[in-house]
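In full-length UniProt numbering, the protein residues as written are 1 to 99.
Written as structure tokens, this is what we have:
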């Protein structure tokens with residue numbers, strides 16, 4: 001299990017001693033300063049931090065690792081899950097803007 005948030009974007013994969021408000025904030029701050037806007041909470045949840053750069057470009061300038069790619073992946077997984085289960089439900093994406 002990687003304890004470095006730059007090596008692993010999964011917040012639940014952080015060591016137990018980093019599973020606190022301070023530890024999670026520190027992990028997100030480390031990713032922000034490295035221009036890595038995406039961290040995952042689960043297969044159904046992502047945290048995208050505004051790095052004030054183009055959301056459609058990842059670290060290497062491509063789509064991989066970008067906020068845009070993460071949102072597309074989440075939407076695709078949600079759509080596929082509802083389709084496979086023949087469920088007729090709504091999907092709500094929550095946007096939180098805190099300044």
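Glycine included, each C-beta is placed from N, C-alpha and C at the ideal position.
- Taking the Cβ atoms as the reference, residue 38 lies roughly 14 Å from residue 75, outside the contact range of under 8 Å.
- The DSSP assignment places 38 to 42 and 45 to 48 as complete runs of the beta strand (DSSP E) inside the segment 28 to 63, in order along the chain (cut-off: 3 residues).
- One thing to note: residue 29 has its Cβ no nearer than 8 Å to the Cβ of residue 18.
- Sequence-distant partners of residue 50 (beyond 5 residues in either direction) whose C-beta falls short of 8 Å from its own C-beta, in its chain, are 37.
- Each of 34, 12, 68 and 32 was checked against the Cα of residue 56, and the nearest Cα belongs to 68.
- Residue 42 is positioned such that its CB atom lies closer than 8 Å to that of residue 12.
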